[in-house]
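**Student:** Following this message is one structure expressed as structure tokens.
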Amino acid sequence: MQPEKYFEENISKTLTLLKVMLKANVKNIVFSSTAAVYGEPATWPINEEFPQNPTNVYGYTKLCIEQCLEWYRKIHGFNYVSLRYFNAAGADPEGGIGEDHNPETHLIPIVLKVILGEIEELTVYGTDYPTPDGTCIRDYIHVNDLAWAHILSLKKLYKEESGIYNLGNQKGFSVKEIIKVAEEVTGFKVKVRYGQRRPGDPAVLVASSEKIQRELGFTPRYEDIKIIVKTAWDWHEKNPRGYER
Ligand SMILES: O=c1ccn([C@@H]2O[C@H](COP(=O)(O)OP(=O)(O)O[C@H]3O[C@H](CO)[C@H](O)[C@H](O)[C@H]3O)[C@@H](O)[C@H]2O)c(=O)[nH]1
């Protein structure tokens, strides 16, 4: 864990971007924020009014930028839409674009890479969470739906309005449920090891997307978790080593 990296990448560099935007008189921005701003909420679904108490540095740095944007709005007349992404997942259904991180840390790509033999096994981070099966619950949203929400956000910016929106599917799946879905979709078993909790992981993060639906007219097109995993599988199967950097 290198907190200074998050400060540098998320705060310093975004502040530089805002400074340059101001100089160039570009005053509209869609900001990729995160569900991590909420920390460990007491209940769910989580709406935008829930307390923001990040439990990890990543969430804290994103919250700082959300707040800077509000000051830029008040002082310099910026318009912003901050989208609090829940768990971005899936791949382009046409097969051209997929998820490729180095190192990979995200659950769905890791599960699929284990199936493909690219990673030896999946470590499930904690089985003692206060959830029905003891593993963490997350709200997975397809990348194309996420992209669609950005287009809707532009329409809000054109009206010179600002806002903060959750971006999720309002449905939660545990780590064990994701493994099961991946096994169903692919027809293969996932080799699993049960490990310790990962520091800073909240037990449950499930969005209320009521505000973005009501105000921006957002409706997800890829709500079904099986379709989300299937689009990811189609891409990983074709690109087992990712983009081969
Ligand atoms: O090898 C792994 C990887 C993940 N998990 C678990 O699977 C769930 C999902 O983990 P991801 O790493 O895929 O996603 P996170 O929920 O940690 O993170 C996502 O949500 C965050 C906000 O909470 C940030 O926005 C981040 O960028 C985004 O990927 C978590 O409970 C995690 O503990 C495992 O058990 N094993």
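With the sequence shown counted from 1, adding 41 to any position gets you this note's numbering. Cβ atoms here follow ideal geometry from the backbone N, Cα and C, with glycine treated the same way. Just so we're clear, the structure is a prediction, and the values are computed from it rather than from any experiment.
What is the residue span of the alpha helix (DSSP H) that TYR47 lies within?
**Tutor:** 44–47
**Student:** With C-beta atoms as the reference, is LEU198 less than 8 Å away from HIS117?
**Tutor:** No, Cβ-Cβ distance for LEU198 and HIS117 is not below 8 Å.
**Student:** If you draw a straight line from the C-alpha of GLY213 to the C-alpha of ALA132, how long is it?
**Tutor:** 19 Å
**Student:** Between which residues of its own chain and VAL226 is the CB-CB distance below 8 Å, once the five residues before and five after are set aside?
**Tutor:** Closer than 8 Å at the Cβ level, and outside the excluded window around VAL226, lie LYS267, VAL270, LYS271, TRP274.
**Student:** Based on DSSP bridge pairs, tell me the residues matched to LEU124.
**Tutor:** SER73, TYR206
**Student:** If I follow the unbroken alpha helix (DSSP H) through VAL165, where does it start and stop?
**Tutor:** Note, VAL165: premise wrong, no alpha helix (DSSP H); beta strand (DSSP E) at 163–166.
**Student:** If I'm right that PRO261 touches ASP186 with Cβ under 8 Å, what's the distance once you round it to whole angstroms?
**Tutor:** 4 Å
**Student:** Taking C-alpha atoms, which residue in VAL98, ASN88, TYR79, ASN143 lies nearest to GLU50?
**Tutor:** VAL98
**Student:** What would DSSP say about VAL233, mapped onto helix, strand or coil?
**Tutor:** Correct three-state label for VAL233: strand.
**Student:** Taking 8 Å as the cut-off, decide whether the C-beta atoms of ILE182 and GLY209 are in contact.
**Tutor:** yes
**Student:** In or out: GLN211 buried (at least 16 other Cβ within 10 Å) or exposed?
**Tutor:** buried
**Student:** Only counting the same chain, and skipping five residues up and downstream in sequence, which positions put a Cβ closer than 6 Å to that of GLY241?
**Tutor:** Excluding positions up to five away in sequence, the list reads THR96, ASN97.
**Student:** Judging by CA-CA distance, which residue of LEU110, ALA223, LEU148, GLU161 is the nearest neighbour of THR57?
**Tutor:** Ranking LEU110, ALA223, LEU148, GLU161 by Cα distance to THR57 puts LEU110 first.
**Student:** For ligand 1, any of its heavy atoms closer than 7 Å to the Cβ of ILE151?
**Tutor:** yes
**Student:** Given a cut-off of 8 Å on the beta-carbon distance, is the pair VAL216 and LEU148 in contact?
**Tutor:** yes
**Student:** Would you report the Cα separation of PRO171 and VAL165, rounded to the nearest angstrom?
**Tutor:** 15 Å
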